[in-house]
Structures are given as structure tokens and as C-alpha cells.
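Student:
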Amino acid sequence: MFFQLLVGGLANGSIYALVALGITVVFKATEVANFAAGELLMLGAFVLYNCFVLWKLPYLASFVITAFFFAILLGLIMERLAFRPLASYGHLIQVMATLALSVTFKGIARLVWGSDILNVPSPFDFKPVEFSLGSLKIVISSDNIAIVLVCLVMMTFFFFFFQKTKRGKMMRATSENMLGAMLVGINVRRVFATIWATGTVILVIAGVLFVPISTLYIEMGGKVMIKGFAACILGGFGNLPGALLGGILMGIIETLFGGYVTTAMMDISSMIVIALVLIIKPQGLFGSRVVIKV
Amino acid sequence: MPILKVNNISISFGGLRALTEVNLELSKGDIVGLIGPNGSGKTTLLNVISGIYAPEIGTIHLQDKEITLLPPHARAAKGIGRTFQIQHLFSNMTVLENVMTGLHKDIRTGVFGAAFRFKRVRAEERIAKEKALEALKFFRLQEMANRMITDLSSIEQRMVEIARALATNHKIILLDEPAAALSPAMVIELGTLLKRIRDEKGVSIILVEHVISLVLTVSDKITVLNFGRVIAEGKPDKIRRDPAVLEAYLGKEGGYA
Amino acid sequence: MRNFGNRPRMSLGAGAGWIVILALFFIPLATNRYVQYSINLTLVYMVLALGLNLLFGYTGQFAFANAAFFGIGAYACSLLTVRLGIPFWFSLPLGGIAAMFIGCIISVPALRLARFYLAIMTMALGEAIQWVLIHWDRVTFGPSGFQIPPPSIGGLLLSSDRSVYYVNLLVTLFIFWMARNILGSRIGRAFVAIRDSEVAAQCMAIPLTRYKILAYAISSFYAGIAGGLYAITVGYLTPENFGIIQVTLHFCMVMVGGLGSMIGSVAGALVLTSLPEILRDYQAYQEIIYGFILLFILIFMPRGISGALKRFRWFREEIEKLTL
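Protein sequences appear in the order of chains H, D and W. Here our numbering is used: the first sequence runs in plain steps of one and ends on residue 297. Here our numbering is used: the second sequence runs in plain steps of one and ends on residue 434. Here our numbering is used: the third sequence runs in plain steps of one and ends on residue 327.
1) Just checking: is the beta-carbon of Phe144(W) within a distance shorter than 9 Å of some beta-carbon in chain H?
2) Alpha carbon to alpha carbon, what distance is there between Gly117(H) and Phe299(H)?
3) Just tell me which of Pro90(W), Ser41(W) and Ala66(W) has its CA closest to the CA of Thr251(W).
4) Which class does Val388(D) belong to by DSSP, given the choice of helix, strand or coil?
5) Can you find a C-beta in chain W that's less than 9 Å from the C-beta of Phe190(D)?
6) Quick check on Leu102(H) - is its C-beta less than 9 Å from some C-beta in chain W?
7) The ligand HEM and Ile365(D): does the residue's C-beta get closer than 8 Å to at least one heavy atom of that ligand?
8) Could you give the distance in angstroms between the alpha-carbon of Asn224(D) and the alpha-carbon of Met185(H)?
9) Can you check the segment 36 to 123 of chain W for any beta strand (DSSP E) of at least 3 residues that lies completely inside it and give the ranges in chain order?
10) According to the neighbour-count rule (16 or more other Cβ atoms, all chains shown, within 10 Å of its Cβ), is Glu320(D) buried or exposed?
11) Under 9 Å between C-beta atoms, does Arg5(W) make it to chain D?
12) Using CA atoms only, rank isn't needed, just tell me which of Thr271(D), His281(D), Phe190(D) and Ile350(D) is closest to Leu329(D).
13) What separation, rounded to the nearest whole angstrom, lies between the Cα atoms of Lys31(H) and Ala246(H)?
14) Can you name, in chain order, every residue of its own chain whose Cβ lies under 7 Å from the Cβ of His347(D), other than the five neighbours on each side?
15) DSSP on Gln264(D), reduced to helix/strand/coil?
16) Are Pro300(D) and Ala344(D) close, meaning C-beta to C-beta below 9 Å?
17) Please report the distance separating the alpha-carbon of Phe162(H) from that of Gly171(H).
18) So what's Arg285(D) in DSSP terms, helix, strand or just coil?
19) Kindly give me the distance between the Cβ atoms of Met256(W) and Leu275(W), rounded to whole angstroms, as I take these residues to be in contact under 8 Å.
20) Checking contacts by CB at 9 Å: is Phe267(D) closer than that to chain C?
21) Mind checking if Ile257(D) is an interface residue toward chain W, Cβ cutoff 9 Å exclusive?
22) What are the start and end residues of each continuous alpha helix (DSSP H) run of 4 or more residues lying completely inside the segment 90 to 123 of chain H, in chain order?
23) Does any C-beta atom of chain D lie closer than 9 Å to the C-beta of Asn184(W)?
24) Measuring straight from C-alpha to C-alpha, what distance separates Thr394(D) and Pro413(D)?
25) Quick one, are the C-beta atoms of Ala85(H) and Leu206(H) less than 9 Å apart?
26) Counting only beta-carbon separations shorter than 9 Å, does Arg341(D) have a partner in chain W?
27) Kindly give me the distance between the Cβ atoms of Phe194(W) and Ala218(W), rounded to whole angstroms, as I take these residues to be in contact under 8 Å.
28) At a CB-CB cut-off below 7 Å, which residues of chain W make contact with Lys109(H)?
29) What number of angstroms, rounded off, separates the C-alpha of Ser272(H) from the C-alpha of Pro242(W)?
30) Is the segment 256 to 270 of chain W close to the segment 80 to 90 of chain W, with three or more CB pairs under 8 Å?
31) Between the alpha carbons of Ala322(D) and Leu273(D), how many angstroms are there, rounded?
32) In or out: Asp270(H) buried (at least 16 other Cβ within 10 Å) or exposed?
33) Taking beta-carbon pairs under 8 Å, can you tell me which members of the segment 260 to 273 of chain H lie near chain W?
34) Along the chain, where does the alpha helix (DSSP H) containing Lys182(D) start, and where does it finish?
35) Beta-carbon within less than 7 Å of Thr62(W)'s beta-carbon, same chain only, minus the 5 sequence neighbours each way: which residues are those?
36) Quick one: grab the DSSP three-state call for Gln150(W).
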């Protein structure tokens, strides 16, 4: 049972890893904790539903529309509304702005799609894959496999993007040292816009991936966001690989909790993780940021 | 027995050695001047004495009791007051309120007393207010008591800061560049004021200053820092002629054009 | 003339204040049920905003736990009455104390954390409290919530909105009076000192940690009391009332009114409480408008109403008297 749970947790964990990635990408550059992350995910899920179910577009087209056109637009809006006008006021105010936007997005979503709980049929029709290792028997559904695969693809993509491409390096440079980046001639404003767009795209894709394994409802963002934050804290806030690892761990921890204790405890596992990490080792696994005030 | 004894203090920040083996003694009723070029560690030493930084090596004794490990608010409670080089005034309060905050340790009001305004609390507040006005009178600033502190000129603000440190009966006051940007006439007035403070209130003072004339006139003893080390110590006359001190401030003879 | 540990003797401002307070007692004669209900709710949020203002506006702690304390107070007070038969006038302060208890426990780790970690931790706390309210249904009646019977004080059954108003009014006035006293004492000065310069505050013998914990205690106590009043005002409690939208609403109020200003908290509560009632059946609009207002205030009026008004000199004087 342990391994079944382990494998089952990987899908959820991959999604949390993406959420954590989306949050961290923005945080590293702007020092703003994006409290609208959950709602961006939720919007991703609902827009996909809209394209795929309501407008009956083919899945691939829906995916592209949601994850790229919509997400990039949304990211630019966030940067324009929550970040740029408040740049001089400091991070706390910007965080509050993301909070304000999160509530607004929720309201708009509610207006458009209503408060009902929705179920979206999975685009994948394949039979679940069965696995046997000696006496172990593990079943993985095709949804889960797809999710993990897409996540892996994305993580690899972003790894190369940040490490090898010029754009990626510019983004990293601006994150590390905004002033230095400006001096070197990097168009910092455009980079920030790109960063917000990138973070949003990641979160929206996470939302799209979440659709096959979850029901859709307007409040779904909040819980996932807390798990994303828990993942970030676990991995060390501001640390990209840490965020990914933290996400996967969160997924596994959560499923283990659900399997061995009770499913009701699954939601609260993230809060327990947050509390434990902050009390025992606030920097998380890989973090080096100053967490404790001097 | 000196009222304050700083023993062998060393402290680094990252890789930078800010203070090395610094010793300082303050006798009761003395004014000790602390001078040195920019970056020599004067403010750092004050921060170590008031408890904002903890030294890596060394001890500090207040009247023979060791206070090296005490947090800043405990040291203030024991009688060490200070002013700051960069202004640390409470900008959202009036002048009077700023000075009354200096009297925090002399009031005993707790939450319940405050919430329900017991008679004792009201009495304590009244006394605190009077003491604060007294301190302001010392600087002839009592007229400004109810103005917002940000309405005052920077020189007046600095006087309020000193008044804030003075309002309560501290044993030691650390002054960080109180004479900055004062005209020569005001510097002389400040000097007289400092001596009055010492004479009338029995306070011992450590004076960090760049305005050398003030330090030479007012101090009983002077310590000179350079690059975090004590390079000279003694009476003003001796310091004025000390070659090491001159070199620290002016560079080696023939070194500059 | 600043009111600071020395009350002005019946100046014009103070005299006008008394008249206003007296007038407040006559309001129920002029209102219908609906408006009365709104006003009752406004009073609840005033108490709440005051507490949050203390924590956020004065000591600068960016803590999202207010809604949690609000919920704890509401549930504790009501459950004590409903399940154990404790009379309202006793369970109300108990609810406040329950919230304060959790607040103090939270404050200890909270104070060690820098900005966002604090925000995240307190937000997680809020979710955790909601989870408890939903899942511990043996005690809390679970997600469907429960009805609050009208409180009875000394044999008098307070079943109408009007009588609830007087309860709310008296409690609010009392809370206000306490807050004003606290802020006008050395404790209030210490709070402002900590906000303006921690370094200088320490050098004036103000122990930072102790006072910050005190701020958490007072703020969570107020939120808890507000919770109890909320319960008797609304008459029905469900866990979903105490989630992120509450947090946003609270921050809205404090920001709209102006950080660090008591009168600001009153104004913010007033401005923003009329909204939930007008929009009660339109949750979506509620959310959009709250989010929008908060964003608007942040961008254009970060100092809130009281900040904007301070630009007018004559208003400044009046506000100073009622502000810290």
C-alpha cells in the first residue's frame, strides 16, 4: 500500500511542484509572495473547462489557448495592476495587492461560471497502467501519468530556459540584482513583465493539469495555494529546485496522511508541514534566505 | 571604580573587523570624548555599549556588574541612555510624547491599569508629563511641546533627542554626533549645556563627535579610534599634540599633495 | 491639543463627542429593521478593525490571522451558550479570551518570522481554524452551521435587532474607551515607538517582544469579542464565513480608514460594512468589489481616509484628538 500511495502522491505532488515553481519564479525576482497563485490556478482550470466543455474545442487547442494566450494576458495584467503601480511602496503593499486581485478574480469567476461544482471528463481514455514488481502491485491511472509527464517536461524546459537561454539568464540576472541588470542595459521593466507572465503561465498550466483529478469549484484555489506555499517553505523559499522537490514531497506526504490516517487530514497536512518547518528549520531544505529577523 | 568599563571588545561584520581589542573607562561624572576618522568604529562602539550589537570577544561592566549579555532594553532600564547619529525620532508623535517615551521605564502602568485608567496610572502620567516638560525646558523647547516632532527644524529635533535621553535619570548617556551641522556659536552653547547636564544631573557622558573643538573643550578624557583600534587615550591637551592622532586624521606627512 | 495622557477639559471637540455619543442611543428610533441590522454589523466590524489596526497599523505585524480569531471568538462564545448554557454576558468575554489565548500562542513563533513567512503562516492558521470548524462537527455543528438563540442578559431576552444594537453599542463604546486609554498611556507610546524605530524604542527600555505579544493579545481579544457580537447580530454561524474574504474585508477596512488611526478604523468599518449588506445575495459582486476597493486604496490612497483628511488642517486637529 505504501508504494501505491507513494506513486499516487506523485501526480498531486507534481502539480504542487508547479505551483511552488510559479510562486518562486515571481518571488525570486520581485520579493513578492503571490497570494493570487491559487486563483490563477483556478482560472486556468475554469478557462480550460470553458474551452473544452462549453465551447467544445479540441483538447490541444483548449490547452494552448488557456495556457498561453489567456495565461500570458493574465500575467501581464497582474504585473500592471499589482506590481508596477506599487513598486515604490514596498513588498508588503504589493502582497496585499495580490490578495486584492485574488478576491477580485474569484468574484469574476463566480460571475462567469457560477458557484456550482463542476466535473470535467478526462481527455485521456487509456486504461490505467498496472505495474508489478515482485509481490508489489501498483496501479497508475492515465491521468496521473499524463500529469507527471507534462510536469517533467515543463521542469526540464524551465531548467534549460533559465540556465541556457539568453532570456532566461536575463531573468535570473534581474532577479539577483535589479540594479546591476539595469546597469548592464537589461530592460528591467520588460523582464519583470516576462517574469510575471512566466509565473502565471506555470500556475495556469498547473490548473489545467489539475482538472482531470479534481472537481472544479471557485474556492479550489485557496487550498492548493497553501500547499504550494508549504512546498516552497519546505524546499526553502526562493529556491527553484527546492520548490520542485518541496512540491513533490508535499504530494507524497499528503497522500500518505490520507492513506494512513484519514482523508480528512489530507488538507491539513500542509499546515502541519508549514508549522513544523517554520519551527524546526525555517530555511527549509535548501533555503538560505533570512527568515528569522535579526 | 569606574561607572562603565569596556574591556577588550572585538566585533566583526561578515569579514570586516569593525572593532579590535577596544578598551574604555568612564568614571562617574566624567565626560569622555570618542573621536576618530569616518568609519573608525565610533558608532559601532556605542552600539555595542547600548546592546544593539553583541561583541565576539570582550566584556562590558556597569558599576562592576557585567552587562555584556543583556539585551538593549535591559541596559536602558539599568541606566544607559543614548542619542543617534541618524535620527531615530518617533516621527508620529509630538515633541512631548517623544520625550515622555524616554520616561518609559519610570512608569509602572500595565495593560489593565492603562485600559481602565486607575488613579495611580493617571498620577504617573501627570508626573511623567511634568518631567518631560522639565527636560524640554532645559533646552528652551517647552513651547513646542505639542507640535508634531516633524514640524521642528533638524537642530531642534536633535535637541529633543537629547532631552529624550535626559528626561529620565540615566547614569550614562551616549551622545552620537550631537553637534553635527551646528553653527560655531551653537557648538559653544552645546558645550555649556553638556557641562550643565553633567554638573546638575550627575550624568556621565560618552561623546562621539567630529567637531573637535567641542570635544577638546568639554571632555575630561579623550579616546581616539582608527580602523577599529584605540590609537590614543588621555587628556585633551595630550591628544591634541599626539602624532598618531594627527596622522590618522591628516595622513602621513607628505603623503598627500 | 493632543490628547495624550492628559485629557482636555471639555474643549469643543470633547463636548461635541459627548453629544454624538448620546445621540447614538437614540438611533433605533429612526431606523427600520434592515438599516438597524446594518448598523449592528458596522459596530461589530469597528471593534474588529480597531484590533487589527493595533496589530498592523501600530506594530506593523502583517498577520492574516484576524479572521481566525474572529471565528474562534464567534464560535467559542456561541458554543458556550448553546452547548453549555453559559449566559451571553459571560460567554462573550470568554470568547474573547479564547481568541486571545490562541493569539498569544501564535505570536511567539510569529514574531520570529520575517514578513511573508508570517503572512503565510497566519494564512495557513486561518485555513486550519476553518478546517477545525468544519470537521470537528461533534462540537461545532460542522459545515452546515448552527443557529444562535437570542441572548438573554439578566432575564431580559434580546430578540430584536434593536436590543442587539444596544448590546453592540455598549460593548463597542466600552472597547473604544479601553483602546483609547491604552493608546494614551505609555503602552500606546511604546507601540508607536516600536513602529517608528525599533532601535530607539529598545534604547528607551521598551522590551520589543513583550510588547509585540501584547499587541497580538489585544488584537486577538478584540477580534474574539467582535466574533461574539457577530454571532448575536447575524444569528447563524457557518465556517465559510471566516475565510479569506473576511481577511480581505478586514484589511480593506484598516487600509481604507488609514493605518494607525482609530478614527480611521471607525470610518473604514462604516464605509465597508454597508457593502456586505447591500451585496448580501451577490457573493460574486462582493468579492469583486472588495478586491477592487482594496486595490484602489492601495494604489491611490494608501494612507486611507484619515490620511487624506489630514491634508486639511482644520480636520487634522479634530482627528488628532480621536487618533492616538
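We put the beta carbon where it would ideally sit given N, CA and C, even for glycine. The structure displayed is predicted, hence computed values, not measured ones.
Tutor: Based on what the coordinates show:
1) What you label residue 144(W) is simply residue 141 of the third sequence in a count that begins at 1. It does not: the Cβ of Phe144(W) has no partner Cβ on chain H nearer than 9 Å.
2) For residue 299(H) there is no data in the structure shown, the boundaries of chain H being 4 and 297.
3) The count along the third sequence starts at 1 and reaches residue 251(W) at position 248. Checking every option, the nearest Cα to that of Thr251(W) belongs to Ala66(W).
4) As a working note, residue 388(D) is residue 211 in the second sequence. Correct three-state label for Val388(D): coil.
5) In the second sequence, residue 190(D) corresponds to position 13, counting from 1. No, because no Cβ of chain W sits closer than 9 Å to the Cβ of Phe190(D).
6) Mapped onto the first sequence, residue 102(H) falls at position 99. Closer than 9 Å: yes.
7) As for the ligand HEM, it is missing from this structure, which has no ligand bound.
8) For the purposes of this step, residue 224(D) is identified with residue 47 of the second sequence, where counting begins at 1. For the purposes of this step, residue 185(H) is identified with residue 182 of the first sequence, where counting begins at 1. Asn224(D) and Met185(H): Cα-Cα distance of roughly 35 Å.
9) none
10) Start at 1 with the first residue of the second sequence, and residue 320(D) comes out as number 143. It counts as exposed.
11) As a first step, residue 5(W) is located in the third sequence; it is residue number 2 there, counting from the start. Note that Arg5(W) has pLDDT 38, beneath the 50 cutoff, so the model's placement of it is unreliable and the number below is only indicative. Closer than 9 Å to some Cβ of chain D, the Cβ of Arg5(W) qualifies, so yes.
12) In the second sequence, the residue the question calls residue 329(D) occupies position 152. Nearest option by C-alpha distance: Thr271(D).
13) Position 28 of the first sequence, counting from 1, holds the residue named residue 31(H). Position 243 of the first sequence, counting from 1, holds the residue named residue 246(H). Taking C-alpha positions only, Lys31(H) is separated from Ala246(H) by approximately 11 Å.
14) One-based indexing of the second sequence puts residue 347(D) at position 170. Counting only Cβ-Cβ distances below 7 Å, and skipping sequence neighbours, we find Gly256, Ile257, Gly258 and Val380.
15) Here residue 264(D) is taken as the residue at index 87 of the second sequence, counted from 1. Correct three-state label for Gln264(D): coil.
16) Within the second sequence, the letter at position 123 stands for residue 300(D). Within the second sequence, the letter at position 167 stands for residue 344(D). Note that residue 300(D) corresponds to Ala in the displayed sequence, not to Pro. Not in contact: Ala300(D) and Ala344(D) (Cβ atoms no closer than 9 Å).
17) Taking the first residue of the first sequence as position 1, residue 162(H) is located at position 159. Taking the first residue of the first sequence as position 1, residue 171(H) is located at position 168. The alpha-carbon atoms of Phe162(H) and Gly171(H) are separated by roughly 9 Å.
18) By 1-based counting over the second sequence, the position of residue 285(D) is 108. In the structure shown, Arg285(D) adopts coil according to DSSP, grouped into three states.
19) The sequence position of residue 256(W) within the third sequence is 253, counting from 1. The sequence position of residue 275(W) within the third sequence is 272, counting from 1. Indeed, because the Cβ distance is near 5 Å, the residues count as touching under 8 Å.
20) You won't find chain C in this structure, because its protein chains are H, D and W.
21) For this step, residue 257(D) is matched to residue 80 along the second sequence. By this cut-off, Ile257(D) is an interface position.
22) Those alpha helix (DSSP H) runs which fall completely within the segment 90 to 123 of chain H and span 4+ residues are 94 to 116.
23) As a position in the third sequence, residue 184(W) is number 181, starting the count at 1. Output row for Asn184(W): interface = yes.
24) Against the second sequence, residue 394(D) aligns to sequence position 217. Against the second sequence, residue 413(D) aligns to sequence position 236. So the two alpha carbons sit approximately 8 Å from each other.
25) Locating residue 85(H) in the first sequence gives position 82, where the first residue counts as 1. Locating residue 206(H) in the first sequence gives position 203, where the first residue counts as 1. At a Cβ-Cβ threshold of 9 Å, Ala85(H) and Leu206(H) do not count as neighbours.
26) What you label residue 341(D) is simply residue 164 of the second sequence in a count that begins at 1. Closer than 9 Å: yes.
27) In the third sequence, counting from the first residue as 1, residue 194(W) sits at position 191. In the third sequence, counting from the first residue as 1, residue 218(W) sits at position 215. Yes, Phe194(W) and Ala218(W) are in contact; Cβ-Cβ is about 6 Å, under 8 Å.
28) As a working mapping, residue 109(H) is identified with position 106 in the first sequence. Within 7 Å Cβ-Cβ: Glu290.
29) Position 269 of the first sequence, counted from the start, is the residue given in the question as residue 272(H). Position 239 of the third sequence, counted from the start, is the residue given in the question as residue 242(W). Cα-Cα distance, rounded: 19 Å.
30) Of all C-beta pairs linking the segment 256 to 270 of chain W to the segment 80 to 90 of chain W, fewer than three are shorter than 8 Å, placing the two stretches out of contact.
31) Within the second sequence, residue 322(D) is the residue found at index 145, counting from 1. Within the second sequence, residue 273(D) is the residue found at index 96, counting from 1. Roughly 5 Å between the two C-alpha positions.
32) Within the first sequence, numbered from 1, the residue matching residue 270(H) stands at position 267. Asp270(H) comes out buried.
33) Ala267, Asp270, Ile271 and Ser273
34) Reading the second sequence from its first residue, position 5 is the one you call residue 182(D). Judged by DSSP secondary structure, Lys182(D) falls outside any alpha helix (DSSP H) and instead within the beta strand (DSSP E) spanning Leu181 to Phe190.
35) Translated into positions along the third sequence, residue 62(W) becomes position 59. For Thr62(W), where only same-chain residues beyond five positions count, the Cβ hits under 7 Å are Phe194, Ile197, Arg198, Lys215 and Ala218.
36) Within the third sequence, numbered from 1, the residue matching residue 150(W) stands at position 147. Gln150(W) sits in a strand when the DSSP states are folded into three classes.
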